[in-house]
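> Residue numbers (the UniProt record's numbering), protein chains in the order written: chain A, 1 to 182; chain B, 1 to 182. Provided herewith is a single structure, encoded as structure tokens, for subsequent inquiry.
2 protein chains.
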Amino acid sequence: MTAKPEILKLSKVANSRLFYIEAMELRFSNGVERQYERLRTGRQGAVMIVAINGRDEVLLIREYAAGLEEYVLTLPKGLIDPGEDAATAANRELQEEAGFGAREVSHVRQLTAAPNYMGHRLEVMLARDLYPSKLEGDEPEPLEVIPWPLSKLPELFEREEFSEGRAIAALCLVQQRLAKTD
Amino acid sequence: MTAKPEILKLSKVANSRLFYIEAMELRFSNGVERQYERLRTGRQGAVMIVAINGRDEVLLIREYAAGLEEYVLTLPKGLIDPGEDAATAANRELQEEAGFGAREVSHVRQLTAAPNYMGHRLEVMLARDLYPSKLEGDEPEPLEVIPWPLSKLPELFEREEFSEGRAIAALCLVQQRLAKTD
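In structure tokens:
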């Protein structure tokens with residue numbers, strides 16, 4: 001196993017309301033030095049929720065994605081608030097974005113988005129035993145909620161509007177877990 | 001289908017060698033106005049390569065991920081150079097990062113990373129009929145290449161060091177495609 005590069009220097013390049021760009025001077029174990037840039041991440045973390053209802057459907061949402069300037073189909077997700085654990089955050093976000101609470105929430109695995117230049121970590125949570133419950137979130141408009149049959153995931157993965165890598169990964173991982181326990 | 005929000009204003013917040021932070025003033029179709037921030041993306045795009053050898057193994061690489069400050073296991077990937085198409089970029093990156101060329105390269109699908117605040121798009125490419133061929137890349141150190149049996153993807157998806165959502169998604173999508181054509 002290669003020894004990690006030594007971090008010679010970290011310095012702020014720029015920051016904004018949401019982002020903090022950091023320059024990193026690294027010395028690799030073979031002596032090569034490089035300067036990298038990355039986005040520094042808050043400590044709070046985030047959750048993505050695979051919520052399955054009694055008809056073996058997963059709850060998708062349709063929301064505006066500012067990065068793409070498109071409405072996209074994806075899974076409910078959001079930041080973990082200070083003092084919350086991942087399960088509590090998942091249950092809150094599910095109520096805010098999809099209008100359901102869950103009596104059963106379990107952790108599936110941690111995913112990263114673009115680890116070469118972002119430290120973001122997302123906890124995939126499986127939510128079951130759902131009941132209708134709406135909490136007010138900070139969405140600018142109500143989100144459309146689309147229940148999608150688990151038996152039709154291959155068709156979902158071919159839809160252009162369902163493009164987020166972490167959402168496809170989350171559904172694959174849950175499918176794998178359910179196949180093991182059923 | 002909801003009409004897209006109107007973009008009232010786009011303005012630069014900060015930029016660096018790698019990143020460009022943009023503020024977006026939006027008016028949603030219900031009249032609500034919001035200011036968002038996002039990372040603007042270059043036009044070139046990127047590829048992620050699922051390269052399968054004659055022993056039904058996929059080629060993984062182990063590289064240092066500056067965002068996580070860890071060595072991670074992932075798929076070869078990289079930016080599409082000006083003038084390249086995705087298949088050419090995939091074949092070049094595969095030679096630079098894994099030491100193999102491919103006689104057959106096909107497009108699987110486009111993935112996004114964090115569409116709420118990033119416009120990044122990544123083309124998942126399937127590479128087969130491999131042959132040894134090494135091109136010099138810009139890596140600070142040689143990457144370790146790990147052939148991983150396709151029959152053991154569930155075990156891979158449970159490894160903490162294989163955490164990138166788009167890499168897990170890419171392998172699921174290829175698995176789905178191979179199951180259909182075999």
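Just so it is clear, CB atoms sit at the ideal spot from N, CA and C, and this is done for glycine as well. The model shown is predicted, which means the values in this text are computed figures rather than measured ones.
Which residues in the same chain have their Cβ closer than 8 angstroms to the Cβ of Q170/B, if we skip the five residues on either side of it in sequence?
The sequence position of residue 170/B within the second sequence is 170, counting from 1. The residue asked about is misnamed: residue 170/B is Ala in this sequence, not Gln. M48, V50, L75, V108, L111, V124, listed in sequence order.
> Would you say A113/B faces chain A, with C-beta separation under 8 angstroms as the test?
Counting from one through the second sequence, the residue named residue 113/B turns up at place 113. By this cut-off, A113/B is an interface position.
> When you compare the CB positions of L126/B and V174/B, do they come within less than 8 angstroms of one another, or not?
Position 126 of the second sequence, counted from the start, is the residue given in the question as residue 126/B. Position 174 of the second sequence, counted from the start, is the residue given in the question as residue 174/B. Cβ atoms of L126/B and V174/B: closer than 8 angstroms.
> Three-state secondary structure (DSSP) at Q110/B?
Your numbering for residue 110/B matches position 110 in the second sequence. Here Q110/B sits in strand by DSSP.
> Straight-line CA distance for V32/A to L18/B?
Along the first sequence, one-based indexing puts residue 32/A at 32. Along the second sequence, one-based indexing puts residue 18/B at 18. If I take the Cα positions, the gap works out to 20 angstroms.
> Cβ closer than 8 angstroms: which chain B residues qualify as neighbours of M24/A?
Mapped onto the first sequence, residue 24/A falls at position 24. The answer, in chain order, is A66.
> Which whole runs of the alpha helix (DSSP H) in the UniProt domain "Nudix hydrolase" (42-170) of chain A are 4 residues long or more, in chain order?
86-98, 153-157
> Buried or exposed: A102/B, going by 16 or more other Cβ atoms within 10 Å of its Cβ?
Reading the second sequence from its first residue, position 102 is the one you call residue 102/B. Buried: at least 16 other Cβ atoms inside 10 Å.
> Drop a sphere of 10 angstroms on the beta-carbon of P132/A, count the other beta-carbons inside from all chains shown, and report buried for 16 or more, exposed for fewer.
Residue 132/A sits at position 132 when you count from the first residue of the first sequence. It counts as exposed.
> Of all the residues that make up the region 72-87 of chain B, which are near chain A by a beta-carbon distance shorter than 8 angstroms?
V72, T74
> Of the choices L143/B, D56/B, T2/B, E25/B, whose alpha-carbon is the least far from that of K9/B?
Here the question's residue 9/B lines up with position 9 in the second sequence. By alpha-carbon distance to K9/B, the top candidate from L143/B, D56/B, T2/B, E25/B is E25/B.
> Can you list, in chain order, the residues of its chain whose CB lies under 8 angstroms from that of E139/A, leaving out five sequence neighbours each side?
Counting from one through the first sequence, the residue named residue 139/A turns up at place 139. Answer for E139/A: E63, E96, E97, listed in chain order.
> Given a cut-off of 8 angstroms, decide if G165/B and G165/A are closer than it, judged by their beta-carbon atoms.
Within the first sequence, numbered from 1, the residue matching residue 165/A stands at position 165. Within the second sequence, numbered from 1, the residue matching residue 165/B stands at position 165. In this structure, G165/B lies closer than 8 angstroms to G165/A by Cβ.
> At what residues does the beta strand (DSSP E) containing V11/A begin and finish?
In the first sequence, residue 11/A corresponds to position 11, counting from 1. Note that residue 11/A is Ser in the sequence shown, not Val. Looking at the DSSP string, the run of the beta strand (DSSP E) that includes S11/A is 6-15.
> Determine the contact status of A167/A and A114/B, defining contact as a CB-CB distance below 8 angstroms.
The count along the first sequence starts at 1 and reaches residue 167/A at position 167. The count along the second sequence starts at 1 and reaches residue 114/B at position 114. Not in contact: A167/A and A114/B (Cβ atoms no closer than 8 angstroms).
> Start and end of the beta strand (DSSP E) containing R27/A?
Within the first sequence, the letter at position 27 stands for residue 27/A. Where R27/A is concerned, the enclosing beta strand (DSSP E) stretches over 20-27.
> Rounded to whole angstroms, what is the Cα-Cα separation between L130/B and E57/B?
Reading the second sequence from its first residue, position 130 is the one you call residue 130/B. Reading the second sequence from its first residue, position 57 is the one you call residue 57/B. For L130/B and E57/B, the gap between their C-alpha atoms comes out near 11 angstroms.
> Kindly indicate if chain B contains any beta-carbon less than 8 angstroms away from that of P147/A.
What you label residue 147/A is simply residue 147 of the first sequence in a count that begins at 1. It does not; no Cβ of chain B falls within 8 angstroms.
> Just the Cα atoms here: how many angstroms apart are L143/B and M118/B?
As a first step, residue 143/B is located in the second sequence; it is residue number 143 there, counting from the start. As a first step, residue 118/B is located in the second sequence; it is residue number 118 there, counting from the start. Spanning the two alpha carbons is a distance of roughly 27 angstroms.
> Under 8 angstroms between C-beta atoms, does Y131/A make it to chain B?
Position 131 of the first sequence, counted from the start, is the residue given in the question as residue 131/A. Not closer than 8 angstroms to any Cβ of chain B, the Cβ of Y131/A fails to qualify, so no.
> Taking the straight line between their C-alpha atoms, what separation do you get for L79/B and S16/B?
For the purposes of this step, residue 79/B is taken as residue 79 along the second sequence, with counting starting at 1. For the purposes of this step, residue 16/B is taken as residue 16 along the second sequence, with counting starting at 1. So the two alpha carbons sit approximately 18 angstroms from each other.
> Quick check on R38/B: does DSSP put it in helix, strand or coil?
Residue 38/B sits at position 38 when you count from the first residue of the second sequence. Assigned with DSSP and collapsed to three states, R38/B falls in strand.
> Could you pull out every residue in the same chain whose Cβ sits closer than 7 angstroms to the Cβ of A14/B, ignoring the five residues on either side in sequence?
Counting from one through the second sequence, the residue named residue 14/B turns up at place 14. Excluding positions up to five away in sequence, the list reads I21.
> Please compile the residues from chain B whose C-beta is within a distance smaller than 7 angstroms of the C-beta of E164/A.
Taking the first residue of the first sequence as 1, we reach residue 164/A at position 164. Those within 7 angstroms of E164/A in chain B are T112, P115.
> How many angstroms separate the CA atom of A66/B from the CA atom of R27/A?
Residue numbering aside, residue 66/B sits at position 66 when the second sequence is read from its first letter. Residue numbering aside, residue 27/A sits at position 27 when the first sequence is read from its first letter. Cα to Cα, A66/B sits roughly 12 angstroms from R27/A.
> Can the beta-carbon of I61/A be found less than 8 angstroms from the beta-carbon of R128/A?
Counting from 1 along the first sequence, the entry for residue 61/A is found at position 61. Counting from 1 along the first sequence, the entry for residue 128/A is found at position 128. No, they are not a contact pair.
> With Q176/B and P154/A assumed to form a contact (beta carbons below 8 angstroms), what rounded beta-carbon distance in angstroms separates them?
In the second sequence, residue 176/B corresponds to position 176, counting from 1. In the first sequence, residue 154/A corresponds to position 154, counting from 1. The Cβ separation is near 6 angstroms, so the contact holds.
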